[in-house]
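**Q**
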Amino acid sequence: MLFRSGMPPPPPPTKSDDGAAAESEAKTKPDEWRARADGVAPGTKDVTLVLRAPIDMKGFVTNEASAPLAKFTLFAQRTATGPLATFGQDAVSETFESPDGSFTFSKLSSGTWKLSAAAEGFAPIEPIVLELPRDEERDDLHFALPRAALVRGFVRDARGAPVGGADVEVDTGGPNWQRMMERGPKPPKARSSDDGAFVLEGLKPAAQKLVARARGYAQSEPTPVDLAATRELADVVVVLRVGATLTGEVFDDLGKPARGWMIQATNTQTFDQRMDFTDGEGKFRVEHLE
548 MLFRSGMPPP PPPTKSDDGA AAESEAKTKP DEWRARADGV APGTKDVTLV LRAPIDMKGF
608 VTNEASAPLA KFTLFAQRTA TGPLATFGQD AVSETFESPD GSFTFSKLSS GTWKLSAAAE
668 GFAPIEPIVL ELPRDEERDD LHFALPRAAL VRGFVRDARG APVGGADVEV DTGGPNWQRM
728 MERGPKPPKA RSSDDGAFVL EGLKPAAQKL VARARGYAQS EPTPVDLAAT RELADVVVVL
788 RVGATLTGEV FDDLGKPARG WMIQATNTQT FDQRMDFTDG EGKFRVEHLE
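Note that the sequence shown covers residues 548 to 837 in the working numbering.
1. Roughly how many whole angstroms lie between the Cα atoms of threonine 642 and leucine 677?
2. Tell me whether glycine 700 is buried or exposed, calling it buried when 16 or more other Cβ atoms sit within 10 Å of its Cβ.
3. Let me know the secondary structure DSSP gives leucine 518 once reduced to three states.
4. Closer than 7 Å: is that where the CB of glutamate 678 sits relative to any heavy atom of the ligand SAM?
5. Please return the same chain residues whose Cβ sits closer than 6 Å to the Cβ of alanine 781, not counting the five positions on each side in sequence.
6. By the 10 Å Cβ neighbour count, where 16 or more other Cβ atoms means buried, how is methionine 604 classified, buried or exposed?
7. Please go through the same chain and pick out, in chain order, the residues whose beta-carbon is closer than 7 Å to the beta-carbon of glutamate 748, but skip the five residues on each side of it.
8. Since proline 771 is in the beta strand (DSSP E), which residue starts that stretch and which ends it?
9. Where does glycine 712 sit, in a helix, a strand or coil, going by DSSP?
10. Taking the straight line between their C-alpha atoms, what separation do you get for threonine 595 and phenylalanine 690?
11. Below 8 Å on the Cβ atoms is my contact criterion, and I expect glutamate 768 with arginine 738 to pass it. Report the Cβ-Cβ distance as a whole number of Å.
12. What do you get for valine 811, buried or exposed, if any count of 16 or more other CB atoms within 10 angstroms of its CB means buried?
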């Protein structure tokens with residue numbers, strides 16, 4: 548349960564002793580106070596929501612050599628526990644332009660948060676997990692972003708023919724729906740051209756695996772790439788698979804062919820789905836299964 552309220556605007560500018568107008572924040576947006584209660588069961592009565600001021604989080608963003616980054620974006624995702632940890636939770640982001648790389652992030656509330664930073668030309672890093680409010684004496688947050696790596700390569704089918712229009716990205720090992728729910732920096736993705744060529748930028752300088760997806764194919768096997776020793780790899784080949792085919796027939800409760808029924812096949816590990824509809828004879832065919 549979430550309630551939001553804007554605070555009243557600050558007072559108008561005042562006059563200093565010498566008659567000059569003093570600075571005021573009258574033109575800035577008011578802080579957004581929030582009240583939240585998690586785990587409220589249906590039928591609960593007399594729920595009390597207490598509005599609280601946003602929590603300020605200070606820190607700085609640098610590159611690997613500790614040089615400040617002048618422009619960057621911060622992402623914050625409130626999280627809980629379990630596979631749907633981020634479902635229904637707050638997510639905020641803000642872009643900063645700061646010559647010394649410093650920031651004050653003022654949009655957070657009590658709870659567990661995952662914070663991450665992104666900047667053009669730099670690779671993403673693992674989010675910092677914080678429980679707010681935290682000890683005021685703790686050091687400011689420090690995000691040290693490494694220079695991004697890239698991979699050049701080709702997407703081909705099982706016969707070696709080039710495949711255009713394929714999406715190439717890092718294999719996280721998790722289900723696609725979970726990745727789509729995350730509100731942090733967008734993961735790197737590239738699309739192959741007609742000759743199958745692709746350039747995937749924004750990668751972490753570390754060992755990881757790439758996968759490709761394209762209409763009419765099953766997902767490729769994960770292709771390992773090691774970017775720990777070099778920031779650029781070339782001639783990496785990712786091979787799409789034909790995949791398995793599932794066929795069958797559906798009958799209604801009278802034993803007659805069920806026409807126009809939807810058939811849905813779900814991968815129980817990744818929760819990816821493929822669908823088909825039964826034809827006039829109740830038959831279906833689901834292709835390119837992993």
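All C-beta atoms, glycine included, are put in the ideal place defined by N, C-alpha and C.
**A** With the given structure in hand:
1. Working through the sequence shown from its first residue, we reach residue 642 at position 95. Working through the sequence shown from its first residue, we reach residue 677 at position 130. Going from the Cα of threonine 642 to the Cα of leucine 677 covers about 20 Å.
2. As a first step, residue 700 is located in the sequence shown; it is residue number 153 there, counting from the start. It is buried - the Cβ of glycine 700 has at least 16 other Cβ atoms within 10 Å.
3. Not covered by the structure: residue 518. The range shown for the chain is 548 to 837.
4. For the structure depicted, the ligand SAM is absent and the ligand set is empty, with no information on it obtainable.
5. Taking the sequence shown and counting its residues from 1, one reaches residue 781 at position 234. So the list reads Arg699, once near-sequence residues are dropped.
6. Stepping through the sequence shown from its first residue, residue 604 is reached at position 57. Looking at its Cβ environment, which holds 16 or more other Cβ atoms inside 10 Å, methionine 604 is buried.
7. Position 201 of the sequence shown holds residue 748. Here the set comprises Ala695, Leu697, Pro735.
8. Numbered from its first residue, the sequence shown carries residue 771 at position 224. Unbroken beta strand (DSSP E) run through proline 771: 770 to 773.
9. Locating residue 712 in the sequence shown gives position 165, counting from the first residue. Correct three-state label for glycine 712: coil.
10. Within the sequence shown, residue 595 is the residue found at index 48, counting from 1. Within the sequence shown, residue 690 is the residue found at index 143, counting from 1. Their Cα atoms are separated by approximately 37 Å.
11. Numbered from its first residue, the sequence shown carries residue 768 at position 221. Numbered from its first residue, the sequence shown carries residue 738 at position 191. 19 Å between Cβ atoms; not a contact.
12. As a position in the sequence shown, residue 811 is number 264, starting the count at 1. Residue 811 is actually glutamine in this sequence, not valine. So glutamine 811 ends up on the exposed side.
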